[in-house]
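Chemist:
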Amino acid sequence: MTKRIILLLLILAPFQLLAQNFLTGNVFDNENRATSIEGAAIKNLTTKAFTLSDKDGHFAITAKIGDLVSFGMPGFQTDTVYLVNLFPKNIYLRVEVNTLAAVDIKGVKISPMLNGLGNPDNKPPVKTLDYSKEKGGLRLNLGYGRWRKDQAKIQELEENDRIQQEITKNFNAETVKEILKFEGPDVKDFLSLYRPTVDQVKAEKPFNYSYYTATAYRAWLKLPADQRKLPPLPKLKGN
């Protein structure tokens, strides 16, 4: 009897190990959860393994706990999952909605070089170019160049502010809990130590916040316990 049990275990062991190295599941449309999605791209971002869902939305991909797996399909938002187990998963992809930002007409500034164009009264422009020989040829409006630099600086500041808002929206306690199943008092220190910079987000478009969060979490776990905390603020000296 004992020999039979051992033989059975030896036969089942390879299948058990094989099952532990695969993630299976189904991909559905989030709006109509009874509709499966065929041809969805499933990619293991950690190992670079890749597969597509079949006509029933079913998929199987090599994976292990700790891997980061993305699910994508043209016309749908990409979903990324940090694997805390290898249980079969149902993935629901949301339809991607593209909205055009409204144009603020009041914020448009017209170049002074364009004054007079389309003027029915043929009035001279407010600022003109002087071609007279007495003036030594073409006289450039140097103030316009400075104005353009100021506008470029303002646009840069506005873009940086927009990116900071984007970072806060995608890298916070809620998203960390959803991706990593990580919560508690240490989350605040993790978020502060590994918050992405504006330059990092600019360098990679679109910025993959899920992948960055999982990678940062692994780096954070490798730190000694005393380095996972923010240093205490210096105490203010009394007057």
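Those letters in the sequence shown? Residues -19 to -1, 1 to 220, per mature numbering (1 follows the signal peptide of the UniProt record, and there is no 0), in order. For glycine and all other residues, C-beta sits at the position ideal for the given N, C-alpha and C.
Where I144 and D37 are concerned, what is the direct C-alpha to C-alpha distance, given to the nearest angstrom?
Modeler: Residue mapping note: residue 144 aligns to position 163 of the sequence shown, counting from 1. Residue mapping note: residue 37 aligns to position 56 of the sequence shown, counting from 1. The alpha-carbon atoms of I144 and D37 are separated by roughly 39 Å.
Chemist: Can you check the segment 121 to 174 for any alpha helix (DSSP H) of at least 4 residues that lies completely inside it and give the ranges in chain order?
Modeler: 123 to 151, 154 to 161, all fully within the segment 121 to 174.
Chemist: Between S51 and A21, what straight-line distance do the alpha-carbon atoms span, to the nearest angstrom?
Modeler: As a working mapping, residue 51 is identified with position 70 in the sequence shown. As a working mapping, residue 21 is identified with position 40 in the sequence shown. If you take the alpha carbons of S51 and A21, they lie about 10 Å apart.
Chemist: Should N71 be labelled buried (16 or more other beta-carbon atoms within 10 Å of its own) or exposed?
Modeler: Counted from its first residue, the sequence shown places residue 71 at position 90. That one is exposed.
Chemist: For the alpha helix (DSSP H) holding D180, just list the boundary residues, first then last.
Modeler: In the sequence shown, residue 180 corresponds to position 199, counting from 1. It spans 179 to 184 - the alpha helix (DSSP H) in which D180 sits, taken as one unbroken run.
Chemist: Just to confirm my understanding: we take residue 231, look at its own chain, exclude 5 residues before and 5 after, and list those with CB closer than 6 Å. What are they?
Modeler: Since the displayed the chain opens at -19 and closes at 220, residue 231 lies outside it and no answer follows.
Chemist: Quick check on this structure: which residue in Q146, F171, Q136 has the alpha carbon closest to the alpha carbon of K158?
Modeler: Numbered from 1 along the sequence shown, position 177 holds the residue referred to as residue 158. Residue F171 is the option with its Cα nearest to K158.
Chemist: Tell me the residue span of the alpha helix (DSSP H) that contains residue 290.
Modeler: In the structure displayed, the chain extends from -19 to 220; residue 290 sits before or after that span and is not available.
Chemist: Return the first residue and the last residue of the beta strand (DSSP E) that L4 is part of.
Modeler: Reading the sequence shown from its first residue, position 23 is the one you call residue 4. Per DSSP, L4 belongs to the beta strand (DSSP E) from 3 to 10.
Chemist: Are the Cβ atoms of L138 and S173 separated by less than 7 Å?
Modeler: As a first step, residue 138 is located in the sequence shown; it is residue number 157 there, counting from the start. As a first step, residue 173 is located in the sequence shown; it is residue number 192 there, counting from the start. Cβ distance not < 7 Å, so L138 and S173 don't count as in contact.
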